[in-house]
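Numbering (the numbering used here), first residue to last: 43 to 256.
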């Protein structure tokens, strides 16, 4: 069975989405499926985001759905119960990380400093989220971290676009990138799901061009 991290590696891009409720979640999932990228980190930034996770997990099982912006244990437990297959957190908060490990769900905590990475290593993790990537140094930061932490891989999120995708994906320590550019909230509220599909296809094409030849 392919692990969550292996699925992220294969996709190379994880859409970071903000949807409010089951209907938006399902429409967004359908747009991503049509675009060829059945994976989504649904952030808990909107009141009914958990309903979106629950609906996508139940009605679109082909989509690898995760919960993002998880900042406490209660959110973590609710997200896992709703069907989230992976957890993304903005920071290295030990209670959340430990509970995720107890529940057997992969977690990618946010790191921004060497101390953050050291905490992640101490907690037994080998994949983390560099966040906010564009602010804390981008590709240069990942290359710098890779020296003292060769056992750690990164999913940079925050400021990633089609324009700088190549800089990140060229780094061996990068497992994939998280991005919002193909799933901007305004596209959802305006009902422009066809545009989300188009941008998703564009992102996939850009990533495929950068994939090393075998």
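Cβ coordinates follow ideal geometry from the N, Cα and C atoms, glycine included.
Because the structure is a prediction, the values reported are computed rather than measured.
Nearest C-alpha to residue 80 among 71, 88 and 87: 71. Listed in chain order, the beta strand (DSSP E) runs fully inside the region 160-211 are 169-172, counting runs of at least 3 residues. One thing to note: residue 110 has its Cβ no nearer than 8 Å to the Cβ of residue 127. Inclusion of residue 171 and residue 159 in the CB contact set at 8 Å is not warranted, their separation being larger than that value. If you draw a straight line from the Cα of residue 62 to the Cα of residue 125, it comes to about 16 Å. Runs of alpha helix (DSSP H) with 4 or more residues, each lying fully within the region 62-91, are found at 64-77, listed in chain order.
A direct Cα-to-Cα measurement between residue 114 and residue 87 gives close to 13 Å.
Residue 218 is a Cβ neighbour of residue 53, given a cutoff of 8 Å.
Per DSSP, the beta bridge partners of residue 219 are 55. Across the set 66, 151 and 185, the C-alpha of 151 shows the shortest separation from the C-alpha of residue 118. Counting every other CB atom within 10 Å of its CB across the protein chains shown gives residue 131 a total of 16 or more, marking it as buried. A straight line joining the alpha-carbon of residue 191 with that of residue 97 spans about 38 Å.
With fewer than 16 other Cβ atoms inside 10 Å of its own Cβ, residue 103 counts as exposed. Around the beta carbon of residue 168, fewer than 16 other beta carbons sit within 10 angstroms, so the residue counts as exposed.
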